[in-house]
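Peer 1: Using the working numbering, you'd call the opening residue of the sequence shown number 293 and step up by one each time.
By construction, the Cβ of each residue, glycine as well, lies at the ideal position given by its N, Cα and C atoms.
Model, not experiment: these values are computed from the prediction.
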Amino acid sequence: MIRLSLARGLRTQLVVVFFLVSALSALVAAAVTFHQGRTAIVERAQADALQELRVHLTSRVPDLPADPAEGHPQYISFVSLLQ
293 MIRLSLARGL
303 RTQLVVVFFL
313 VSALSALVAA
323 AVTFHQGRTA
333 IVERAQADAL
343 QELRVHLTSR
353 VPDLPADPAE
363 GHPQYISFVS
373 LLQ
């Protein structure tokens, strides 16, 4: 009868450890790649959304001053009420 031994030889132990280290390395590499990819996608989406918002606001109110105090007297009185 053939009896199965559970990793009793040095060669078998080395093969098992090599397999475990390889699997762990592949898992860590996949996790790091996923995290970097997700971060890049989110940053790109945020930058695109911000650019789209800026274009939209610029097209809607191109003549309003950045500082309300430089604008129309109604703006100046409204800002003074807020302060």
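Alpha carbon to alpha carbon, how far is residue 330 from residue 300?
Peer 2: 44 Å
Peer 1: CA-CA distance, residue 325 and residue 315?
Peer 2: 15 Å
Peer 1: Would you report the Cα separation of residue 293 and residue 306, rounded to the nearest angstrom?
Peer 2: Any answer about residue 293 is weak, because its pLDDT of 43 lies below 50 and its placement is not dependable; what the coordinates show is given next. Using only the alpha carbons, I get a separation of about 26 Å.
Peer 1: Whose C-beta lies closer than 7 Å to the C-beta of residue 332 among residues of the same chain, with five residues either side of it excluded?
Peer 2: none
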